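*Asks:* Can you keep this structure in mind? I'll have questions shortly.
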Amino acid sequence: MSTTVQDRVTTKTSNTAADARKSEPDAHGVILSEKPADRIETTTCYMCACRCGIKVYLKDGKVRYIEGNRDHPVNKGVLCGKGSAGIMQHYSPARLKAPLLRVGPRGSGEFKEISWEEALQTATSWLAKVRADDPRKLAFFTGRDQSQSLTGWWAIKYGTPNYAAHGGFCSVNMAAAGLYTFGGSFWEFGEPDWDHTKYFMLFGVAEDHSSNPIKIGLGKLKARGAKIVSINPVRTGYNAVADEWVGIRPGTDGAFVGALIHELLRTQRIDIDYLVRYTNAPWLVIEAPGAADHGLFVRDEKGNALAFDKRSNALTPAEGPDVVPQLSGLVKLPDGRTAIPVFQKIAERYLTDAYSPETAEKQCGVPAAAIRRYADELAKVAFEQTITLDVPWTDIHGRRHEKMVGRPVAMHAMRGISAHSNGFQTCRLIHILQILLGSIDCPGGFRYKPPYPKEIAPRVKPTGKPGQVKAGEPLPGPHLGFPMAPGDLLIDDAGTPQRIDKAYSWDAPLAAHGLMHMVITNAALGDPYPIDTLFMYMANMSWNSSMNIRDTLKYLTDKNPETGEYKIPRIIYSDAYYSEMVPYADLILPDTTYLERWDCISMLDRPISEPDAACDAIRHPIVEPDRDVRGFQSVLLDLGARLKLPGLVKEDGSPQFPGGYADYLVNHERAPGIGPLAGWRGNGDTFGKGAPNSNQLNRYIANGGFHAHHIPPSQRYFKHANKEYLDWAASVGFRAADAKMTFQLYCEPLQAFRLAAEGHGPVQPPENHRERIAKYFDPLPFWYEPFEGTMVDTGKFPMHAITQRPMHMYHSWGSQNAWLRQITGQNRLYLSRARGKELGIADDDWVWISSHLGRVRCQVRLMDGVNDQTAWTWNAIGKRKGAWGLSEDAPEATRGFLLNHLISELLPAKGGGYRYSNSDPITGQAAWYDLRVNIEKAAPEAVEHSEPRFEPFDDPIGRGHPDSISYGAEFKRARR
Ligand code: SF4
């Protein structure tokens, strides 16, 4: 690979040079349009996770202006406030300037600057020792970065089982529920059919989620007059432009959705044909309470699930082409056992009074009559306003269909659903609702984005069982996967977790994204074992990314009384900014900004695909770093080579990717012909599979930083059952050719865990876990009250408290941005006017908000449009003094606050004293929104400020905290 970062920085792209308007005088000598830039580069925004295409105008080597790229598949030219404020992210005073080595106690912020060579040698010596001794003692976790296919691969080669990204504290409930049910998911895996949907339900979506794509989509719906119904305790952002707002009580969406299902079943308005064609509704479930096979599917000797065919009056493989299945009634099996179809189990579950609208009203606060009306509206649109596209297609059995017929009802959900301890099952309920209406991947419904759909569930198992982790050797498989039975768990014979975060143990069996929120606590407590080195990237775990901040800081600084060594002996951290996490690390590897480095939004990870096109993208260096910083991904490759990790060095021991991340992007092959980038492979004409192409990155840059492979019309819908699409997806490596794609309304793997809890099978949970596994691993989804509400005194903590990010900010990145801070520099606690009146609280009053863990002092704002039992605030605005280059009197540090101080990472002790993590019991997803609180007016203080307060960080290396920041005046002067 000959292209280096330096080469790229000095290369002017020819395709965008034409965009720089001419500055020559016209015929009259008048300059009508001044040339705005010396060059214009197209790349990918990184001010949030949407990954829009941007054009960056550069003058005199500086960023002058950012605009949206009209040709880009994600945003089509739309740019949000965050995206345009990327300039101030790039020039932030909080940027780290050089590698740092801690010289004072942890938390003091006392560092000395060191050279990169010293930093890399230090990291290599620490990591080499751990790898040679016990690779488990490295915990490598990353935050909201977009290079997980690289970081995960690196961790495999290193050999530690302790790797994951931030998904465990973000939305793994959403991902896992979707992947175990229909091989896709909300968020990056799919989206509503914005061009055809007529009725759109939005569950728990905050202002910034899927930012530009949702705004563009909602605009389309509004223009066509489609109805938008938002279900959310707070009516802001997207919810404020919905036609109807359902101000639900937090954590009760599952009760609401269960009642919608009840009504659709009661009124017999479901898509039976769709259920028969695409789902396991006809599959027979063994009815033998107490037996080892109770609740499993009836299967033939080849393992095929069976249905009862009414035409042949016999058992038959359920996924055959011409089955006319029995959907209800008891079936006598040849061996004398009995079985019933999944559909009957669904009817029995959801037609009971437990799911009636009246029951749901008591649970979620939505009137029963309204629930009935929403169910009626959904059914009317789905079944009386079908969409028909005159596009022939061929199904998986080879049958040709002349038209694509769809139910124009779409749904979208996000963290408001998933960040609860009932999030997995709630999300499954939403998917059951979508499927009963026949609205997955049909015209007007929810649509997969390639490479989805995947096999249900994806055929990859987690690695890290005893015997799989060996000193000095790579891990024999991927860290994260999809257990189908207890035998897939990462536990020893006594049931002890093998990962530091306890993922894939009885605590969180389907922890498909790990439990990053538990790493620091578990490591400091040595539960299940102590570690040596914590290596993190882009994760502010000492502040707004952790629960229970005070104890987290204690865990980061606790020392072993016998040795005097920190309980987490070494912490390596990489970030571009001086966040609150920096002072708690020992070695800092300073990252670049997103305009200074290579990045890859890969088909191997979470690409930027649209339903009609498989798309991936890059970022490339367009500004030369003015500091001694390096892109983390290149640093990781360098470290891997120094550690001599397999795949990272050549046979002669020299680095495999001497050109850093750009070299890796072009030349790494995960499988023969499959690399990080799918476009322009081979001789430049190949998509998906093909030999590395040394010109590939130039092709991406010339094309605006992305590649789009358009899918022909005949493959665009029913992708889970569309032969042409599935054959093509197999040919480019998106799926195995024999992948099973039948929607799993009834989730048999959950029953396998439940059977183990009931005493069956070789791998069973220890006694103290049995009741919990048996209860929550229900193969049909159900609603239950989130855990915190059942474990604390709700008389003492009657209110719910939740957070969301403002539309103009993303995590803590945005709330330190000089332009965006001017929109929101202080967050408030929002309450309904009725609740304020009841508590004697007025606008701008200071209050104490308390939970079972602690209390926070903050300022209130009253509003309409919030559930009466709910308080909420903007997340990640509150900052610690001395961090982020902010001045000591910055409102973020004096009046801003975080609810994280109130949220415990562990649930209160239950029988036997064991404390589970504050997470979903199935996936381990952090239950941020289960929080229960009390609010009371605070006594006035002479100088009002938020609590708790922490010691300001020192500034020994002269970063400075500028009082005012301005940018761009030089461009104005140049114009005069
Ligand atoms: S939505 Fe996100 S990725 Fe798109 S322009 Fe805004 S900040 Fe950038």
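67 is the number of the first residue of the sequence shown in the working numbering; add one for each residue after it. Note that CB positions come from ideal geometry on N, CA and C, so glycine has one too. What you are looking at is a predicted structure, and each value in this text was computed from that prediction instead of being measured.
Under 8 Å by Cβ, that's how I've got G270 and N488 pegged, so tell me the actual separation to the nearest angstrom.
*Replies:* Position 204 of the sequence shown, counted from the start, is the residue given in the question as residue 270. Position 422 of the sequence shown, counted from the start, is the residue given in the question as residue 488. Not quite, the Cβ-Cβ distance comes to about 12 Å (not below 8 Å), so this is no contact.
*Asks:* Please report the straight-line C-alpha distance between A194 and H156, rounded to a whole angstrom.
*Replies:* Your numbering for residue 194 matches position 128 in the sequence shown. Your numbering for residue 156 matches position 90 in the sequence shown. Each residue's alpha carbon lies about 34 Å from the other.
*Asks:* Measure from the alpha carbon of M582 to the alpha carbon of each residue in R210, E310, P509 and Y643, then state which is nearest.
*Replies:* Translated into positions along the sequence shown, residue 582 becomes position 516. Ranking R210, E310, P509 and Y643 by Cα distance to M582 puts R210 first.
*Asks:* First and last residue of the alpha helix (DSSP H) that includes R335?
*Replies:* The residue given as residue 335 occupies position 269 in the sequence shown. From DSSP, R335 is part of no alpha helix (DSSP H); its letter is neither H nor E.
*Asks:* Excluding the 5 residues flanking A160 on each side, which residues of the same chain have their C-beta closer than 8 Å to its C-beta?
*Replies:* Residue mapping note: residue 160 aligns to position 94 of the sequence shown, counting from 1. Only Y643, Y644, S645, Q882, A949, W950, G951, L952 and R1025 meet the Cβ criterion.
*Asks:* Leaving out five residues on either side along the sequence, give the residues of the same chain with a beta carbon under 8 Å from the beta carbon of L438.
*Replies:* The sequence position of residue 438 within the sequence shown is 372, counting from 1. Correcting the residue identity first, residue 438 is Arg in this sequence and not Leu. Closer than 8 Å at Cβ, skipping near neighbours: E329 and P423.
*Asks:* Sorry if obvious, but does the Cβ on S277 come closer than 7 Å to a heavy atom of ligand 1?
*Replies:* Along the sequence shown, read from residue 1 onward, the residue named residue 277 stands at position 211. At least one heavy atom of ligand 1 is nearer than 7 Å to the Cβ of S277, so yes.
*Asks:* By how many angstroms is the C-alpha of P649 removed from the C-alpha of T618?
*Replies:* Counting from one through the sequence shown, the residue named residue 618 turns up at place 552. Counting from one through the sequence shown, the residue named residue 649 turns up at place 583. C-alpha separation (whole angstroms): 13 Å.
*Asks:* Give, in chain order, every unbroken run of the alpha helix (DSSP H) that is at least 4 residues long and sits entirely within the stretch 318-400.
*Replies:* With a minimum length of 4 residues, the continuous alpha helix (DSSP H) runs that stay inside the stretch 318-400 are 319-332 and 338-344.
*Asks:* Could you give the residue range of the beta strand (DSSP E) that holds S640?
*Replies:* Counted from its first residue, the sequence shown places residue 640 at position 574. Per DSSP, S640 belongs to the beta strand (DSSP E) from R636 to D641.
*Asks:* Is the CB-CB distance between I1001 and M865 below 8 Å?
*Replies:* Along the sequence shown, read from residue 1 onward, the residue named residue 1001 stands at position 935. Along the sequence shown, read from residue 1 onward, the residue named residue 865 stands at position 799. Yes, Cβ-Cβ distance for I1001 and M865 is below 8 Å.
*Asks:* Only counting the same chain, and skipping five residues up and downstream in sequence, which positions put a Cβ closer than 6 Å to that of D678?
*Replies:* Counting from 1 along the sequence shown, the entry for residue 678 is found at position 612. For D678, where only same-chain residues beyond five positions count, the Cβ hits under 6 Å are I777 and R782.
*Asks:* In terms of residue numbering, what span does the beta strand (DSSP E) encompassing V732 cover?
*Replies:* Along the sequence shown, read from residue 1 onward, the residue named residue 732 stands at position 666. Note, V732: premise wrong, no beta strand (DSSP E); alpha helix (DSSP H) at G726 to N733.
*Asks:* Any idea what DSSP makes of N305, helix, strand or coil?
*Replies:* To locate residue 305, count along the sequence shown from 1; it is residue 239. Note: N305 maps to helix in three-state DSSP.
*Asks:* Taking the straight line between their C-alpha atoms, what separation do you get for L381 and A354?
*Replies:* If you number the sequence shown from 1, residue 381 lands on position 315. If you number the sequence shown from 1, residue 354 lands on position 288. Distance between the alpha carbons of L381 and A354: 18 Å.
*Asks:* Using C-beta distances below 8 Å, list every residue in its chain close to A975, excluding the 5 sequence neighbours before and after it, in chain order.
*Replies:* One-based indexing of the sequence shown puts residue 975 at position 909. Cβ within range, chain order: R981.
*Asks:* Measuring from the CB of R117, is there a heavy atom of ligand 1 at a distance below 7 Å?
*Replies:* Locating residue 117 in the sequence shown gives position 51, where the first residue counts as 1. For ligand 1, at least one heavy atom lies less than 7 Å from the Cβ of R117.
*Asks:* On the CB-based measure, 16 or more other CB atoms within 10 Å of its CB, does A367 come out buried or exposed?
*Replies:* Residue numbering aside, residue 367 sits at position 301 when the sequence shown is read from its first letter. Per the sequence presented here, residue 367 reads as Glu, with Ala not at that position. It counts as exposed.
*Asks:* Determine the contact status of V408 and W349, defining contact as a CB-CB distance below 8 Å.
*Replies:* The residue you call residue 408 lines up with position 342 of the sequence shown. The residue you call residue 349 lines up with position 283 of the sequence shown. Cβ atoms of V408 and W349: closer than 8 Å.
*Asks:* Could you tell me the boundaries of the beta strand (DSSP E) in which H835 lies?
*Replies:* For the purposes of this step, residue 835 is taken as the residue at position 769 of the sequence shown. Here H835 belongs to no beta strand (DSSP E); instead the alpha helix (DSSP H) covers E833 to Y842.
*Asks:* Just curious, the alpha helix (DSSP H) that M240 is in, first and last residue?
*Replies:* Reading the sequence shown from its first residue, position 174 is the one you call residue 240. V238 to T247 is the extent of the alpha helix (DSSP H) around M240.
*Asks:* Who does D461 pair with in a DSSP beta bridge?
*Replies:* Numbered from its first residue, the sequence shown carries residue 461 at position 395. The partner list for D461 (beta bridge, DSSP) reads N788.
*Asks:* DSSP state of W938, grouped into three classes?
*Replies:* In the sequence shown, the residue the question calls residue 938 occupies position 872. In this structure, W938 counts as strand in the three-state DSSP scheme.
*Asks:* Let me know the secondary structure DSSP gives C430 once reduced to three states.
*Replies:* Residue numbering aside, residue 430 sits at position 364 when the sequence shown is read from its first letter. Looking at C430 - three-state DSSP - the assignment turns out to be helix.
*Asks:* Check whether the stretch 990-998 and the stretch 475-488 are in contact - that is, three or more C-beta pairs closer than 8 Å.
*Replies:* Result yes; three or more Cβ-Cβ pairs closer than 8 Å.
*Asks:* Pull up the distance between the alpha-carbon of G944 and that of Q892, whole angstroms please.
*Replies:* Along the sequence shown, one-based indexing puts residue 944 at 878. Along the sequence shown, one-based indexing puts residue 892 at 826. Cα to Cα, G944 sits roughly 7 Å from Q892.
*Asks:* Under a Cβ-count criterion, where at least 16 other Cβ atoms within 10 Å of its own Cβ denotes burial, should R616 be classed as buried or exposed?
*Replies:* Within the sequence shown, residue 616 is the residue found at index 550, counting from 1. So R616 counts as exposed.
*Asks:* According to DSSP, is R87 part of a helix, a strand, or is it coil?
*Replies:* The count along the sequence shown starts at 1 and reaches residue 87 at position 21. Residue placement at R87 is poorly supported in this model, since its pLDDT is 47, which falls under 50; the coordinates are not used for a value here.
*Asks:* Cβ of L145 within 7 Å of any heavy atom in ligand 1?
*Replies:* Here residue 145 refers to the residue found at position 79 of the sequence shown. Yes; taking the cut-off as 7 Å, the Cβ of L145 has a heavy atom of ligand 1 nearer than that.
*Asks:* So which of K755, A737, P738 and R736 has the shortest CA-CA distance to G745?
*Replies:* Residue mapping note: residue 745 aligns to position 679 of the sequence shown, counting from 1. Of the candidates K755, A737, P738 and R736, the one whose C-alpha sits nearest the C-alpha of G745 is K755.
*Asks:* Alpha carbon to alpha carbon, what distance is there between I327 and G320?
*Replies:* Indexing the sequence shown from 1 puts residue 320 at position 254. Indexing the sequence shown from 1 puts residue 327 at position 261. Those two C-alpha atoms are separated by around 10 Å.
*Asks:* Looking only at its own chain, which residues have a Cβ that is under 7 Å from the Cβ of C114, when we skip the five neighbours before and after it?
*Replies:* Residue mapping note: residue 114 aligns to position 48 of the sequence shown, counting from 1. Closer than 7 Å at the Cβ level, and outside the excluded window around C114, lie K148, D274, S277 and Y876.
*Asks:* From which residue to which residue does the beta strand (DSSP E) around W311 run?
*Replies:* Taking the first residue of the sequence shown as position 1, residue 311 is located at position 245. Note, W311: beta strand (DSSP E), E310 to V312.
*Asks:* So does N135 have its beta carbon nearer than 7 Å to some heavy atom of ligand 1?
*Replies:* Position 69 of the sequence shown holds residue 135. No; taking the cut-off as 7 Å, the Cβ of N135 has no heavy atom of ligand 1 nearer than that.
*Asks:* Cβ atoms of R117 and I667: under 8 Å apart, would you say?
*Replies:* What you label residue 667 is simply residue 601 of the sequence shown in a count that begins at 1. What you label residue 117 is simply residue 51 of the sequence shown in a count that begins at 1. Their beta carbons are under 8 Å apart, which means I667 touches R117 by this criterion.
*Asks:* To the nearest angstrom, report how far apart E971 and N984 are at their CA atoms.
*Replies:* As a first step, residue 971 must be located in the sequence shown, where it is residue number 905. As a first step, residue 984 must be located in the sequence shown, where it is residue number 918. Spanning the two alpha carbons is a distance of roughly 5 Å.
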